Structures are given as C-alpha cells and as structure tokens.
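These notes are about the structure you will find just below.
There are 2 protein chains.
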Amino acid sequence: MPTTRPDFFDIRMRGFRDRAEVEDVIALIDTRVQPLAAEDIAVPDANGRVMAEDVRSEAAVPGFDRAAMDGYAVRGEETFGATPYNPLELRIVGESMPGRPFAGGVATGQAVRIMTGAPIPSGADAVLPVEVAQEDAGRLRVCEPISPGRNVGRRGEDVEPGCVMLAARRMLRPQDLGLLASVGVATVGVIRRPRVEILITGDELLPVGAKPEGCRIVDSNSVMLAALVRRDGGDPRVGLPLPDRRELLREAMRHSTADVLLVSGGSSVGKEDHAPGLLSELGELALHGVALRPASPAGVGFLESRPVFLLPGNPVSCLCAYDLFAGRAIRRLGGRCPELPYRRVQVPLAAKIASAVGRVDYVRVRIRAGQAEPLAVSGASLLSTTTVADGFVLVPRDSEGYPPGAMVTVYRYDDPYE
Amino acid sequence: MPTTRPDFFDIRMRGFRDRAEVEDVIALIDTRVQPLAAEDIAVPDANGRVMAEDVRSEAAVPGFDRAAMDGYAVRGEETFGATPYNPLELRIVGESMPGRPFAGGVATGQAVRIMTGAPIPSGADAVLPVEVAQEDAGRLRVCEPISPGRNVGRRGEDVEPGCVMLAARRMLRPQDLGLLASVGVATVGVIRRPRVEILITGDELLPVGAKPEGCRIVDSNSVMLAALVRRDGGDPRVGLPLPDRRELLREAMRHSTADVLLVSGGSSVGKEDHAPGLLSELGELALHGVALRPASPAGVGFLESRPVFLLPGNPVSCLCAYDLFAGRAIRRLGGRCPELPYRRVQVPLAAKIASAVGRVDYVRVRIRAGQAEPLAVSGASLLSTTTVADGFVLVPRDSEGYPPGAMVTVYRYDDPYE
Chain G
192 MPTTRPDFFD IRMRGFRDRA EVEDVIALID TRVQPLAAED IAVPDANGRV
242 MAEDVRSEAA VPGFDRAAMD GYAVRGEETF GATPYNPLEL RIVGESMPGR
292 PFAGGVATGQ AVRIMTGAPI PSGADAVLPV EVAQEDAGRL RVCEPISPGR
342 NVGRRGEDVE PGCVMLAARR MLRPQDLGLL ASVGVATVGV IRRPRVEILI
392 TGDELLPVGA KPEGCRIVDS NSVMLAALVR RDGGDPRVGL PLPDRRELLR
442 EAMRHSTADV LLVSGGSSVG KEDHAPGLLS ELGELALHGV ALRPASPAGV
492 GFLESRPVFL LPGNPVSCLC AYDLFAGRAI RRLGGRCPEL PYRRVQVPLA
542 AKIASAVGRV DYVRVRIRAG QAEPLAVSGA SLLSTTTVAD GFVLVPRDSE
592 GYPPGAMVTV YRYDDPYE
Chain F
192 MPTTRPDFFD IRMRGFRDRA EVEDVIALID TRVQPLAAED IAVPDANGRV
242 MAEDVRSEAA VPGFDRAAMD GYAVRGEETF GATPYNPLEL RIVGESMPGR
292 PFAGGVATGQ AVRIMTGAPI PSGADAVLPV EVAQEDAGRL RVCEPISPGR
342 NVGRRGEDVE PGCVMLAARR MLRPQDLGLL ASVGVATVGV IRRPRVEILI
392 TGDELLPVGA KPEGCRIVDS NSVMLAALVR RDGGDPRVGL PLPDRRELLR
442 EAMRHSTADV LLVSGGSSVG KEDHAPGLLS ELGELALHGV ALRPASPAGV
492 GFLESRPVFL LPGNPVSCLC AYDLFAGRAI RRLGGRCPEL PYRRVQVPLA
542 AKIASAVGRV DYVRVRIRAG QAEPLAVSGA SLLSTTTVAD GFVLVPRDSE
592 GYPPGAMVTV YRYDDPYE
C-alpha cells in the first residue's frame, strides 16, 4: 500500500536542505533492488539475455565417435609403414555420411569413405585425409601412415553429459546459443527483462519529431532514455510529454505497473516540480537531491517495491543521473553487472579540471592525441557536449579536481566509428 | 547474370590445390563489398544505426535565452553590493515558466520568478538561484550579487543553426538521438541494414530445439550465426536445415535475394559438398580454401554482386570464418567499422602456442590471473572451447607460434559477466 510520509519537506522554491552522497544513492539501489524472476525463452531468442540458473547437458556432444575430416575410415595400425614408395592398398567397402552411417564394420584390409561429422564405423579408429590417399575403382592407395585416433572426434569430447555447461548469471553469447542447441536444449531460463516506463513532463515540451517553435522545445530525453534502457537490457515504454499538472502526473505515476519508473523533468525545486511530492505521497521518496554535478536535482524512491527515479529535465543531467542511478537499478533487475557499462581507459588530462569538494563532478571529455580534454564542467543543458565527447571523468567528492597531465579514468561512451 | 566458370576445378574428394591467404580474402572483401544505400528512419528507432549523410541543424538550441536554474530573473548589475547585511530588495512582477514566458520586461528594481528552461524576460540578464534569495509577499530579498549572464543559457549555445551536428558514418548513440530530436529532426538517413540469408545444410542435422538422437546432431550454427549477424547490424533470416541434395541447395541459392548469403556446411572437399560447385555454376566462386586453421574449407564468392560465404559446418570453424570474413562483409555493407568487433588486450601467454608456418591459426584462450591460457589449437568441432574461452589469438602465417610469457593480442569475446 502506498503510504503518505508526514515528514515530507516540500523544498519547492526553497532549495535542497541536504544532498545525498553519490555512494549512498548507489548503496540504496544495491540494497533495495534485486534481480527479477526467471522466464523461459527459446534458445534462438536468448542472445544477450542473462541465465537464471545453471544449464547441465543431458546429452554427450558428439553422441558418437565421428570423423573430424573428409577422407577414409581405416584401422590406423594397418597403415604403419605405408610410404609413397611402398603404398598400402585397402578395399573400399562402403561409405559413412553425416546422418547416414555405414551399417557394417571395417575389417582388416578394408576402408570406408567418410565425410566430416559422419560416424566412424566399428573396427576403424582413424580417418585418413583425402589429400594423402588415392581412390581408384574401389581400391584405396595409402601413402602415409596414420595413428589410431587421428582425425576422430570422440563421443563426449565437446560436452560430457551431466556437466554444468553454462552457469547462472551468464550473459549469453552467440556461441553459447549454439552450444545449448547442440545438446538439445530448446528453451532456457533467463532473468526477465525489466519493463521501464518513461514519463516525460514539461509544459514547454513538444513531442519527438516536432520542430522547436517560440519558447517551446522538443522532448529529447525520451528517445535518449529509451535507447539507454534498451542498452541496459530493459524494455522501455514511452508516452507523449505530460504537461506540468499535478493531477496528470499523479495519475500516471499511480497507474504505472512497470518494474521501474523514470520521471524526467519536474524533479527539482521549481514551483511546478510535482514529482518529489507525489512520490512521497504515493509511495516513498527515499532521497532527493544528490551531491553530483550536473544531476543534483535527482531523486530516488519506490512505489511499493518498484524503484522510481526522478531525473532532471536537462538532458546532460538526465544522462548522468540515468547512467549512475537508474541504469544501475535496471542492470541489477535484469541480473547484469551493475557497474557503468562503459569501457574504462587511463589517459592524461590535457587541461585542468576544477571541482568543488563535497560533490562528484561528471565532466565530459574529448580524447585527442591520447589526452583527455575537458569539455564543459557546467552547461547541464548542452546535449551537444555529450555528442562531441568521447566519454566522461568522475571527480570524487573529496577532490578539488586535477592538474594538467594527471592520469584520470575516462568512461568511454561507445565509439561512434567502431 | 550468373555465369558458369569453365575453369572450375572440382576438388571434391581430391583436396585443395592451393589455399588463399587470409589477407587476400580480406582484400577481396574490401574491394568488392561497399556500403548499401540509405533509408530514412524515425529518430527513436535509430540507435546503433549508421548515418548515411551529415546532419545539419536548421534550428538554434536553445532557440531563446533561458534560465539554467530555478530562481529569479534579475538585472545583474543592480545586485552588485548586495550582502546579508545590506540586502537589496526587488519587486516581483511576474513569473516565467517553461513554455509560458513572462509577457513583459524586467525594469530597474524588478525581478521575475523563473523556472529552469523558461525564457529570460527582456531586461533581465541573470538568474538568481532560489537558495540565495528570500521571497515574501511580492518582495525579493537579495543577499548576494550576481554577474550579468550568470545561470542563463544563451540562444544557440548548444547547437548553432547551420552547423554539422553529426557527421556521416557515425553510429548513433542514445545522446545523439536526443540531440537530433531537440533540433526538430524527425527522421534520419541511415545505411540500410544488410539482409542476410543463412542456409544450413546437412543430412545429419536436426532443427534447433530437437534432441540429438543416434547419429543425428542438432544444428547449432544457425542460432549462432543469426546472433552474430544481429551483432554486426544485419537482419538474419534462417530456414530449416537442408538435406545434402544438390538440387535443393541449388534452388535455395538461386532464389536468394538477400544482400549476403551464408551457407553453412557442405563447403569442403567431401563428396556431398555441393556448395562450391553450385556457387561456381550460378555465380562466381572467387576463392575456396583458406590458409587458416580451423576454417580452411571456407569459400567466398558472389551471386551477381552479392557476397556469398561458404562456412564450414564445424561450429568453431564456422565462428572463425564468420568473424574474419562474412562478418567483415556484413559490417562493411552496413557502413560499420569492418574490423573484428572485439576488444583487444595485450597479455602474456601462460603456455606456448605452436603453429605451422604458412597458415593463420585461430587459437582460443582463457584469461586467468592476467595470463592467456591456450585452450585448443585443434578441435574445430568443439564449440565448448569457445564458450569456455575469453577470446582468441590470431597467429600470423609467418609465425611458428609463441613461447610462454610472450605478449600476445587477445581479441576478447564479450565478457559474459559484464
């Protein structure tokens, strides 16, 4: 049941009393957000999904000894001593094809034509490659010896029955799907994808696809957030922007049944910032205001146990708060690694970064000639800084920043030309 | 028109005369395969797509000077000298909300309540944050000076009209979509996704989802290839496995209209390996047999100008030939970077890798304690080696391998726990 918190402090037009530390927001998410339940899906649809349980093989792969090359199944010992000057002659008694094995066996002096993947007939123990044998009118001239076992794939050599092939929490790769299919697994238990509802608020917003006109701007956060949610394994749903009317936002929040609710805009201390108060009324506003630039108006709460993120309307702040907080919850719900899904590189700074002690700074940087150039410490609204940027640096709360030449960790956005 | 090549040398049951070098296969692909044409798609659907042309902004973003914080629009110069002991008082004459600007101007002695993103009224040039002002009965007490321009986002500071915002060949990121939406771009020209038809051949194959039985094994390449094609930006189509009947494969190849055709199985020198001969008959078999372990039976050709890849049926060989050759063509057709889409890391070898001069070796490795452990140089059929592996090393043709401790480049498969 949603409960109203009588201690809710309405900060509209007063300012934040106290900002939460970034690490406390992360700790809150890690404590309160756990992976969703499992669902079964067909193996061909499972790429990139996270396994909910270990998968053991019931079958051996291969299920029989089989040829690893095209050639002739022979008794290896018989070929010892064969040379081009002293070739061995064998009689070809049949052929073994993949799916159509030779019914008989290979006796002394005999060979069976065999294709890669076909069962080795009984009696034979090696496959002579086509390149070192000549076939003529049912006779095979063998010019090289071959050891028993050579070019034979043994039963169970790929997968032994009963073993754990792939373990829980693995994010499935293309070759994993192949392995699952090969042992006869038709469906696999994976963690359900989090459903994420994206509510965009703001009287000034026109829907995506419209042209900006006068003092109205076009919603850009919904498309960005939907793409980020998909990247993190979630299933986003986006509606049209809502005007800044408390009762509309209230109804939208109250009716949401998604696993995660993202509210973009209306999260700050402005007069029409209804989201924090509504979250407090309908559920729990766990924290509001974070010592993080440029995403300080972010908030986190819960509707029943479902996490809700109040994201600033400014696009860069929105990206920052999404990646650090909302994305983490979505990644956790989906059973993924919760850490920032960006590659980290260590590079020297081309110019100093100044930061205030007491807050974390999210600083976009461009990497040029192996150095990180800070783009804009402020300018939360400048989405273009994140498209020009190659990534960002997080300056910790206890740091005043870094001098030129300092080695910093850059979280690289996906390389747009890779 | 398909042409029959009279010089086609039928290698079935004879062996390859001559194997192409890996670098020649790559050069052939790079010469013959160029990006597809553009198509327009809606911005929300464009994440991860490759832009076909530069996009210029028609609009300025923002289109007007706007508040970068919640607070009060003032004339900055007037506040000079204001302190808590000597506060300035201004009269609040109205408010400017996002999408609902204040109709008048700000004269001397006046202020306008303003929310982040709202237009700055004429006369005002700075936004005083709510935290440093007190509002009471239409009067504003200002306790700190603020410089003109402070907390104001200038028209065009994010995007100036006419500039190239995002350049051709860029793979669009979530924030890029936001930027496009914000300037009123509804659709974007992107390179068409390559349609890839996957033909799986083999009498021994059961469809995905079946249990292996007797000498019949389950097709695993189709699910693996479909996932790899999607990773590389292609749109895969997979049918049921085809039996090894020449006329069936011939019809399937002849009727394919996909941008790329992948034929898995039947590509080697076995008696029922029809694909090379058919490709030669229906189009062009440009090369067949590559100095590459474990994918030597791979072939490349064209049906009209559409590339066709003959991939070995053995799953590891299939993965190797896909990544090095077919994937490269698909990435090129889609306008992506053609190189292997794996992260490269330099690590020392835990044990030696032996390789024969004259061929490239694709060696799966596991990374343990910062060292690369080779898993299996042979064992093309062992798909489990690629699920256990963290990546692979490519040993160049002129190398006999590497001793323990040698630094090697590992191409990392996606980390299944990241």
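Going line by line, the protein sequences match chains G and F.
Be aware that the first sequence starts at 192, since it is given in the numbering used here, and climbs by one per residue.
Be aware that the second sequence starts at 192, since it is given in the numbering used here, and climbs by one per residue.
Glycine included, C-beta positions come from ideal geometry on N, C-alpha and C.
Predicted, not measured: the structure shown is a model, and the values here were computed from it.
With a beta-carbon spacing of about 18 Å, V224/F and R422/F fall beyond the 8 Å limit used to define contacts. The beta carbon of P235/G sits closer than 6 Å to none of the beta carbons in its chain outside the five residues before and after it. Between R304/F and the set A449/F, V321/F, A298/F, G290/F, the nearest pair of CA atoms involves V321/F. If you check each beta-carbon in the stretch 289 to 318 of chain G against every beta-carbon of chain F, the ones closer than 8 Å belong to P289, G290, R291, P292, R304, M306, T307, G308, A309, P310. By DSSP's assignment, D552/G forms a beta bridge with R484/G, V586/G. Cβ-Cβ separation between L470/G and L501/G: approximately 7 Å, consistent with a contact (criterion under 8 Å). Contact check between the stretch 571 to 590 of chain F and the stretch 542 to 550 of chain F: three or more CB pairs, one atom from each, fall below 8 Å, which counts as touching. Per DSSP, the continuous alpha helix (DSSP H) segment holding Q366/G begins and ends at 365 to 373.
Contact of G375/G with chain F is assigned, a C-beta pair being separated by under 8 Å. Proximity of chain G to A417/F at the Cβ level (cut-off 7 Å) is accounted for by P235, in chain order. Per DSSP, reduced to three states, the secondary structure at T274/F is coil, with no helix or strand assignment. By the Cβ neighbour-count rule, L431/F is exposed, with fewer than 16 other Cβ atoms within 10 Å of its own. Under the Cβ distance rule, G518/G does not count among the residues neighbouring chain F, no pair being separated by less than 8 Å. Nearest in C-alpha terms to Y553/G, of all of V538/G, A449/G, D606/G, T576/G, is T576/G. Taking the beta carbon of Y608/F as reference, the chain G residues within 8 Å of it are R360, R361, M362, C528, listed in sequence order.
A distance of 8 Å or more separates the beta carbons of G424/F and E395/G.
Taking all protein chains shown into account, H465/G has 16 or more neighbouring C-beta atoms within 10 Å of its C-beta and is therefore buried.
Residues of chain F whose Cβ lies closer than 8 Å to the Cβ of V399/G are, in chain order, V234, P235, A372, A377.
One Cα belongs to G267/G, the other to A517/F, and the distance between them is close to 37 Å. Listed along the chain, the chain G residues whose CB falls inside 9 Å of the CB of S455/F amount to none; the nearest CB is some 11 Å away. Between R407/F and chain G, the shortest Cβ-Cβ separation is below 8 Å. The beta carbon of D349/G sits closer than 7 Å to those of V252, P253, all from its chain and outside the five residues before and after it, given in chain order. Of all residues in the stretch 422 to 454 of chain G, only R422, V429, P434, D435 come within less than 9 Å of chain F when Cβ atoms are compared, listed by chain position. The C-alpha of T299/G is placed about 50 Å away from the C-alpha of D605/F.
Counting every other CB atom within 10 Å of its CB across the protein chains shown gives G353/F a total below 16, marking it as exposed.
Taking a C-beta cut-off of 8 Å against chain F, the contacting residues of the stretch 496 to 510 of chain G are G504, N505, P506, L510, listed in chain order. A residue is called buried once 16 or more other Cβ atoms fall within 10 Å of its Cβ, and M598/G, having fewer, is exposed.
For D221/F, the uninterrupted alpha helix (DSSP H) run begins and ends at 213 to 223, by DSSP. DSSP places T578/G within a helical segment (H, G or I) once states are collapsed to three. No Cβ of chain F is located within less than 8 Å of the beta carbon of G525/G. For T392/G, no chain F residue has a Cβ inside 7 Å of its Cβ, as the nearest lies near 10 Å away. Along the stretch 211 to 228 of chain G, none of the residues has a CB nearer than 7 Å to a CB of chain F.
Inter-residue distance for Y593/F and R345/G is about 28 Å (C-alpha atoms, whole angstroms).
Taking the CA atoms as reference points, V355/G sits about 14 Å from S373/G.
Taking 9 Å as the Cβ-Cβ cut-off, the stretch 244 to 255 of chain G approaches chain F at E249, A250, A251, V252, P253, G254, F255, given in chain order. The beta carbon of Q537/F sits closer than 7 Å to the beta carbons of M598, T600 from its chain, once the five residues preceding and following it are set aside; these are given in chain order.
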